[in-house]
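Undergrad: Taking the working numbering, I'd label the letters of the sequence shown as residues 8 to 468.
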Amino acid sequence: MSDNLILDGDEAIEGLMAKHLLEKGEISFFFWGQSYGFSFLELLFILPFYLILGVSDIAVKLGMLLMFAIGLYFLLKTAVVLLGEKKYGWAWMLLILFLVHPAFMEWSMKARGGYTTAFVLTNFLLYLFFANKNLSKFQFLFIGVLLVFLIQSQALFFVGMLPVLIWKLLESKSLRKSLYFIVGLTTASLLFLIIKLNISSYWTPEVLSLSNFQISNLTALPEKMLVALSGWYYLELPLEQSNSSYLFALLFFIGILLIPIYYIFTWIKEKKINWSVLALIVGTFLYCFMFLFLKQDSFRYLLPVSLYGSVALFYLFHLIPFKKWMYLFFAAIFLIGIKSAFSFSHNRIGDKKGFLAASKALQEEEIYHVFCYDPLQQWQLMFYSQERITCRYKTKTDRYLPFVKAVNLAYKDPNFQTAFFIGYTPTVLGENSEWRAVDSSFVYLPNPSKEVLDYYGFEFQ
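1) On the three-state DSSP scale, how would you describe I201?
2) In chain order, what residues of the same chain have a beta carbon less than 8 Å from the beta carbon of S196, not counting five sequence neighbours either side?
3) Could you spell out the range, first to last residue, of the alpha helix (DSSP H) harbouring H27?
4) What is the rounded straight-line gap between the Cα of K144 and the Cα of I268?
5) Going straight from the alpha carbon of H27 to that of E33, what length do you get?
6) Would you kindly check if the distance between the Cβ of P109 and the Cβ of S347 is under 7 Å?
7) For Y308, which residues in the same chain have their Cβ closer than 7 Å to its Cβ, ignoring the five residues on either side in sequence?
8) Taking C-beta to C-beta, are L157 and A118 nearer than 7 Å?
9) Is it a yes or a no for the region 97-117 touching the region 61-74, going by three-plus beta-carbon pairs under 8 Å?
10) Between the C-alpha atoms of Y418 and T425, what's the straight-line distance to the nearest angstrom?
11) Determine the contact status of L388 and F362, defining contact as a CB-CB distance below 7 Å.
12) With a cut-off of 8 Å on the beta carbons, I'd call G290 and Y315 a contact; round off their distance for me.
13) Give me the residue from G44, G61, L104 and F336 with the minimum Cα distance to P212.
14) Look at D420 and V411 and say whether their C-beta atoms are less than 7 Å apart.
15) Report the rounded CA-to-CA distance for E49 versus G121, giving the unit in angstroms.
16) Taking the straight line between their C-alpha atoms, what separation do you get for G357 and S249?
17) Ordered along the chain, which non-local residues of its own chain (more than five positions away) have a Cβ less than 8 Å from that of L225?
18) Can you name the residues that DSSP bridges to P453?
19) Taking I374 as part of the beta strand (DSSP E), name the residues at either end of that continuous run.
20) According to DSSP, is R406 part of a helix, a strand, or is it coil?
21) At which residues does the alpha helix (DSSP H) containing T226 begin and terminate?
22) Please state the DSSP three-state secondary structure of L101.
23) Starting from T211, trace the alpha helix (DSSP H) in both directions and tell me its first and last residue.
24) Rounding to the nearest angstrom, what Cα-Cα distance links I288 and L135 in this structure?
25) Can at least three beta-carbon pairs, one atom from the region 54-69 and one from the region 229-244, be found at a separation below 8 Å?
26) In three-state terms, what does DSSP make of L12?
27) Pull up the CB-CB distance for T85 and V318, whole angstroms please, since I reckon it's below 8 Å.
28) Leaving aside the five residues before and after F37 along the sequence, list all residues of the same chain whose C-beta is less than 7 Å from its C-beta, in chain order.
29) By a C-beta neighbour count over all protein chains shown, 10 Å radius and 16 as the cutoff for buried, is E277 buried or exposed?
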């Protein structure tokens, strides 16, 4: 964790959710303002670190890192099953390579509303599928329940799981086991329907849609995939990749492309279909098809490619006869990954010092209610002020309506001071002598007039 450690807006939301659970007993099953992104398990992992370290960004990151480590444990067990006990050392080596994979370098500690939960569930389900050649009916029941939790956490992780699931259901050749699976699926689905009855759906992006289809998406696939695999992006904004991250992503992408070629070669040679490998290959490449209908520059939705691609590569090494040159190859890849990790740690997105300085400046003026121009900075300012400052965005509704109502009430009450908060620009600062600059990062205007708020697009009931 470098000096550039900062929670982004979405992570700050989950940090606040965990804070509310700890201090108020307020249970949030889903990411605030959504009926998807099952996050409750992630909050439970953050809580112990809040108790030890206090409410802090490090506590949030450590909670996610612990949860991610559990996912890695099942990934290792899956690798051992795929490679066999004789190649146990290779399973560890492949796991270490996954640890330095730039796509998961930052995501291993990100609290983004269900992603880490989906990572753990995916690895656990893959282990169940591959470790048990003959799954029992109760295991299928359990799998049905877990798949619903996976879909509710982050549905796109299920895409790569679908061919593996179909393979195991067909392999079982049992109608009774399929029925038990359906019962588990249905029961868990009904449970979530009940949970969602009183949940707000403020945020409902159209991630996958036929309207997103463009033929140009096909030609853009390699470039976009390399950005996703390199991990160098922030939300929908691609960042300038380091050479090491780009090289790692390129080699990984080439490896994924070689998997079906090697599989076809082996199939022709042995005249036998390996259905488990085929399921993994199809699952990985389904994301290429999905990309055609994906909202552009949604790089994080391609995150499962790194996971399923790694598992497919695990299986590939089970088939390849061992060669001594592979030691050198893995050593080179590992060093590239380590270099990528160091380069990414110097990448700075956001200004933690600026938020801390703004929090201090506002409180010194006894300003505890703020109108934020940026939809993500409102959450960061609240988190880094330990929620001593309450913020709202421009829209009259938001992910967590009590915050909006609190700021509106304070604005109407002459006994409270409010402020308008925006990113630093010299132009804005020059408009009005009442603007206050904070650490060359932000500016704020104490007690903004209704005309100012209207000008910047703030809505009221």
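All C-beta atoms in this analysis are idealised placements derived from N, C-alpha and C, irrespective of residue type, glycine included.
TA: This is what the structure holds:
1) Of the three classes helix, strand and coil, the one that applies to I201 here is helix, per DSSP.
2) Result list for S196: V155, in chain order.
3) Segment G16 to K31, the alpha helix (DSSP H) holding H27.
4) A straight-line Cα-Cα distance of about 36 Å links K144 and I268.
5) Here the alpha carbons of E33 and H27 stand approximately 5 Å from one another.
6) With contacts defined as CB atoms closer than 7 Å, S347 and P109 qualify as a contacting pair.
7) In chain order, L163, V214 and L301 place their CB closer than 7 Å to the CB of Y308, counting only its own chain and leaving out the 5 sequence neighbours on each side.
8) No, the Cβ-Cβ distance between L157 and A118 is not below 7 Å.
9) Yes, the region 97-117 touches the region 61-74.
10) Approximately 6 Å between the Cα atoms of the pair.
11) L388 places its beta carbon less than 7 Å from that of F362.
12) That pair is a contact at about 5 Å.
13) Out of G44, G61, L104 and F336, the CA that lies nearest to the CA of P212 is found in G44.
14) Contact flag unset, no.
15) Each residue's alpha carbon lies about 7 Å from the other.
16) Going from the Cα of G357 to the Cα of S249 covers about 19 Å.
17) Closer than 8 Å at Cβ, skipping near neighbours: L299.
18) Looking at the DSSP assignment, P453 forms a beta bridge with A426.
19) Where I374 is concerned, the enclosing beta strand (DSSP E) starts and stops at I374 to C379.
20) Coil.
21) That run of the alpha helix (DSSP H) goes S223 to S237.
22) In the structure shown, the three-state DSSP call for L101 is helix.
23) No alpha helix (DSSP H) contains T211, which DSSP labels as neither H nor E.
24) The C-alpha of I288 lies about 18 Å from the C-alpha of L135.
25) Two segments are said to touch when three or more pairs of C-beta atoms, one from each, lie closer than 8 Å; by this definition the region 54-69 does not touch the region 229-244.
26) Reduced to three states, the DSSP call for L12 is coil.
27) Right, their Cβ atoms sit about 6 Å apart.
28) Sequence-distant Cβ neighbours of F37 in its own chain, meaning closer than 7 Å and more than five residues away, are Y43, G44, F45, S46 and I206.
29) So E277 counts as exposed.
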